[in-house]
Ligand code: CDP
Ligand code: CDP
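Numbering (UniProt numbering), first residue to last: 1 to 235.
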């Protein structure tokens, strides 16, 4: 059966990974959270006090990093491993969120991550979410989705997710981090967050998770049938 590449890009915490995961499950495709790779690299850089002003230090640090996605038998999710250690939880802290966009803007880091992401998509049958997946990683992807939601909605979604694990967290702190990352991600020199010209916008501010999945799965079905040009591209 024909397999395609589906890219989901957009602003922080609008629900890209949630949709990518569910869409991959429905299509029996591989799901890759590209942001997890930048978060894991950031964790390594912080733990090893890598000087991000020094290109030589960055290159030698990257040469020591090995990233893998492995299925977690307990959760059924795909976790990221850094040098043989499961770091799925360790990369979701505010400390990492506060540094990741600076690290992700570095040329060597982008080169390192993008080449691995492209290799993962060689056989197609993949749903990858991030910031530059439809523009840089897979510019020829068959289905490109650009997700967005209001900053209020995104803040509440991320706050609700973090509050049980980090009881001291505040709404203001979460909002500030999302806005700061959106700004750095969309203004950096290399592969800034941009909507690809051929990406379909999906504003999910008022959509439930099952609703957004049905819309995206409908688009994928149309592509697989070769009919997307005839469907309404707005949602
Ligand atoms: O918090 P959220 O899930 O929205 O972000 P993420 O997908 O985990 O990505 C964390 C950060 O990694 C982003 O804010 C970007 O700085 C960077 N990133 C990127 O530059 N390119 C990607 N393809 C994915 C993430
Ligand atoms: O990957 P990204 O940062 O764009 O967002 P996410 O991690 O997939 O989603 C952030 C939070 O929003 C998760 O807790 C989702 O369960 C929630 N969400 C939601 O409440 N309603 C949606 N329509 C989509 C996501």
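Ideal placement from N, C-alpha and C gives every residue a C-beta, glycine not left out.
- The Cβ atoms of residue 171 and residue 131 do not sit closer than 8 Å to each other.
- Put simply, the backbone Cα of residue 54 is about 22 Å away from that of residue 181.
- Counting only runs of 3 or more residues that sit fully inside the stretch 85 to 173, the beta strand (DSSP E) segments are 126 to 130, 143 to 148, in chain order.
- When DSSP states are grouped into helix, strand and coil, residue 215 belongs to the helix group.
- Between the stretch 217 to 229 and the stretch 141 to 153, the count of Cβ pairs shorter than 8 Å is three or higher; the stretches touch.
- Contact annotation: residue 174 and residue 148 have beta-carbon atoms that are not nearer than 8 Å.
- Going by beta carbons, residue 45 and residue 103 fall inside the 8 Å limit.
- Classified as exposed, residue 187 has fewer than 16 neighbouring CB atoms from the shown chains inside 10 Å of its CB.
- In this structure the stretch 27 to 35 lies against the stretch 111 to 129, because at least three pairs of beta carbons, one per stretch, are closer than 8 Å.
- Here residue 180 carries a helix assignment [DSSP, helix/strand/coil].
- CA-to-CA, the gap between residue 71 and residue 81 works out to about 10 Å.
- The closest CA to that of residue 136, considering only 176, 115, 152, 40, is found on 115.
- Secondary structure at residue 34: helix, using DSSP grouped into helix, strand and coil.
- Excluding its 5 nearest sequence neighbours in each direction, residue 117 has C-beta neighbours in its own chain below 6 Å: 34, 137, listed in chain order.
- In terms of CA proximity to residue 201, 11 leads the group 11, 3, 4.
- DSSP places residue 16 in the uninterrupted alpha helix (DSSP H) bounded by 16 to 27.
- Listed by position in the chain, the residues whose beta carbon lies within less than 7 Å of some heavy atom of ligand 2 are 10, 12, 13, 14, 15, 16, 17, 18, 19, 35, 129, 147, 157, 158, 160, 161, 204, 207, 208, 209, 212.
- Per the C-alpha coordinates, the member of 93, 212, 120 positioned closest to residue 164 is 93.
- Residue pairing by DSSP places residue 225 in no beta bridge whatsoever.
- Closer than 7 Å to some heavy atom of ligand 1: that describes the Cβ of residue 104.
- Between ligand 1 and the CB of residue 44, the shortest heavy atom gap is not smaller than 7 Å.
- By the neighbour-count criterion, in which a residue is buried when 16 or more other Cβ atoms sit within 10 angstroms of its Cβ, residue 42 is buried.
- The criterion of a C-beta distance shorter than 8 Å is satisfied by residue 159 and residue 169.
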